[in-house]
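Asker: One structure is given below, represented as structure tokens, and several questions about it will come after.
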Ligand SMILES: [Ca+2]
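Residue numbers (this note's numbering): 5 to 343.
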């Protein structure tokens, strides 16, 4: 009898442990952690639960979504995969600078408010809208629903991210009274003048002209204020530098290069690794060293908190550098006009 009792006890303990482990796991994993792969039904159930949307409505929207192969093709070759010397000329053009000056002049009052009320430099907001959409010229011709559905259910590595954005698109449409099937975006689901993803639209868009609506598609004042608000919320430092060109000698600097753009090192430490910057900088601030592939040689830059804030819009250092340099070009051109 005794051995059977032990076996029985063993089983009982095993199942108790399993149940405990299961309940611990389900408690510790927040419901927002979207599974790597999901069926339509799982997506519908999770979205309904998390966002308190009716199942029938989510199902209705999902039924209207179509897989678009061109979205997957476009996603497979992002501009950010190019080296800096090929990426930069796409955005740093005379045309984009001059159009930026015109945009700034046209929206001077709104951009002044961005500086005073939000504490964000006008030049950086103009440059973001310039890089994203050429000041509203290319706002995207894809169906946001189709793009996010396609990437959410068919993209090999980032499906989870895009399914969350698909759910956010549905909530956004519900909250702002948009028709989901009419919303246009880039192939990656970015919308309007400043190319906000649905979650960014929900959390960062502001009604900057006070008409009671947050419209980033057709209202330039809301779009400008919302980009400003995005920067404010990510802790832009008004009037502070973004990055400095650097020069390196020896090999010590190699140890401090990393893909994470968050400035974590005291600048004096960076400078002690054979890094030279010809500028008057506060060496007790925090910075980060990046390397970009120039046409003939590598370029080094000491980047600061504001550079990191730009990267919250798009994580590629190439993107942040293009936005920064465009903002400087526009600012210089504006100064000429103001003389
Ligand atoms: Ca508005």
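Note that CB positions come from ideal geometry on N, CA and C, so glycine has one too. From a predicted model like this one, the values you see are computed outputs, not experimental measurements.
Taking one C-beta from the stretch 146-160 and one from the stretch 66-80 each time, how about it: are there three or more such pairs within less than 8 angstroms?
Answerer: Yes: the two stretches touch, three or more of their Cβ pairs being nearer than 8 angstroms.
Asker: Hey, is residue 219 close to ligand 1, as in C-beta under 7 angstroms from one of its heavy atoms?
Answerer: Yes, the Cβ of residue 219 comes within 7 angstroms of a heavy atom of ligand 1.
Asker: Suppose contacts are defined by Cβ-Cβ distances below 8 angstroms. Is residue 107 in contact with residue 139 by that definition?
Answerer: Yes. Within cutoff.
Asker: To the nearest angstrom, how far is the alpha carbon of residue 36 from that of residue 202?
Answerer: Because the pLDDT of residue 36 is 47, which lies under 50, any placement of that residue in the model is unreliable, and the number read from its coordinates should be weighed accordingly. C-alpha separation (whole angstroms): 16 angstroms.
Asker: Can you give me the C-alpha to C-alpha distance between residue 197 and residue 160, rounded to a whole angstrom?
Answerer: The straight-line gap from Cα to Cα measures roughly 29 angstroms.
Asker: If we count the other Cβ atoms within 10 Å of its Cβ and call it buried at 16 or more, is residue 268 buried or exposed?
Answerer: The residue is exposed, with fewer than 16 neighbouring Cβ atoms inside 10 Å.
Asker: Suppose the cutoff is 7 angstroms on Cβ atoms and the five residues either side in sequence are ignored; what does the same chain contact list for residue 339 look like?
Answerer: Around residue 339: no qualifying Cβ.
Asker: DSSP state of residue 296, grouped into three classes?
Answerer: Correct three-state label for residue 296: strand.
Asker: Could you give the distance in angstroms between the alpha-carbon of residue 90 and the alpha-carbon of residue 214?
Answerer: Distance between the alpha carbons of residue 90 and residue 214 is about 41 angstroms.
Asker: Any heavy atom of ligand 1 inside 7 angstroms of the beta-carbon of residue 226?
Answerer: Within the cutoff, so yes.
Asker: Drop a sphere of 10 angstroms on the beta-carbon of residue 83, count the other beta-carbons inside from all chains shown, and report buried for 16 or more, exposed for fewer.
Answerer: Exposed: under 16 other Cβ atoms inside 10 Å.
Asker: Check this for me: beta carbons of residue 306 and residue 281, under 8 angstroms apart or not?
Answerer: Taking 8 angstroms as the Cβ cut-off, residue 306 and residue 281 qualify as a contacting pair.
Asker: Within the same chain, show all residues whose beta-carbon is closer than 6 angstroms to that of residue 119, passing over the 5 residues directly before and after it, in chain order.
Answerer: So the list reads 126, once near-sequence residues are dropped.
Asker: Taking the alpha-carbon of residue 130 as reference, which of 51, 231, 165, 211 has the nearest alpha-carbon?
Answerer: Selected option, being the one with the closest Cα: 231.
Asker: Which term fits residue 199, buried or exposed, when burial requires 16 or more other beta carbons within 10 angstroms of its beta carbon?
Answerer: Classification of residue 199: buried, given that the 10 Å Cβ count is 16 or more.
Asker: Sorted by chain position, which residues of the same chain lie with C-beta nearer than 6 angstroms to residue 219's C-beta, five sequence neighbours on each side aside?
Answerer: The answer, listed in chain order, is 226.
Asker: From the DSSP secondary-structure annotation, give me the bridge partner or partners of residue 247.
Answerer: Answer is 307.
Asker: So is residue 148 buried or exposed if we call it buried at 16+ other beta carbons inside 10 Å?
Answerer: Residue 148 is buried by the Cβ-count criterion.
Asker: Just grab the DSSP bridge partners of residue 270 for me.
Answerer: Residue 270 is bridged to 290.
Asker: Three or more C-beta pairs under 8 angstroms: does that hold for the stretch 272-288 against the stretch 242-259?
Answerer: Verdict: yes, contact present.
Asker: So, with DSSP's three-state summary, where would you put residue 201?
Answerer: Coil, per DSSP.
Asker: Assuming residue 204 and residue 234 are in contact, meaning their beta carbons sit under 8 angstroms apart, how far apart are those beta carbons, in whole angstroms?
Answerer: 7 angstroms between Cβ atoms; contact.
Asker: From 189, 134, 223, pick the residue whose C-alpha is nearest to that of residue 326; which is it?
Answerer: Selected option, being the one with the closest Cα: 134.
Asker: Please classify residue 80 as buried or exposed, where buried requires at least 16 other C-beta atoms within 10 Å of its C-beta.
Answerer: By the 10 Å Cβ count, residue 80 comes out exposed.
Asker: What is the rounded straight-line gap between the Cα of residue 67 and the Cα of residue 211?
Answerer: Whole-angstrom Cα-Cα distance: 32 angstroms.
Asker: From 93, 192, 299, 209, pick the residue whose C-alpha is nearest to that of residue 228; which is it?
Answerer: Selected option, being the one with the closest Cα: 209.
Asker: Would you call residue 171 buried or exposed, if buried means 16 or more other Cβ atoms sit within 10 Å of its Cβ?
Answerer: That one is buried.
Asker: According to DSSP, which residues form a beta bridge with residue 188?
Answerer: 147.
Asker: Considering only residues of the same chain and omitting the five flanking positions on each side of residue 341, which have a CB-CB separation below 7 angstroms?
Answerer: The answer, listed in chain order, is 105.
Asker: Exposed or buried, residue 111, counting other C-beta atoms within 10 Å across all chains shown (16 or more means buried)?
Answerer: Answer is buried; the Cβ neighbour count reaches 16.
Asker: Pull up the distance between the alpha-carbon of residue 294 and that of residue 304, whole angstroms please.
Answerer: Going by the C-alpha atoms only, they are around 6 angstroms apart.
Asker: If you measure between the beta carbons of residue 311 and residue 328, is that distance less than 8 angstroms?
Answerer: It is a contact, given that the beta carbons lie within the stated cut-off.
Asker: Would residue 122 and residue 217 qualify as a contact pair, given that the criterion is a beta-carbon distance under 8 angstroms?
Answerer: No; because the gap between Cβ atoms is not below 8 angstroms, this pair is not in contact.
Asker: Tell me whether residue 70 counts as near ligand 1, meaning its Cβ is closer than 7 angstroms to at least one heavy atom of that ligand.
Answerer: Result no, Cβ not under 7 angstroms from ligand 1.
Asker: If you draw a straight line from the alpha carbon of residue 343 to that of residue 334, how long is it in whole angstroms?
Answerer: Answer to the nearest angstrom: the Cα atoms are 14 angstroms apart.
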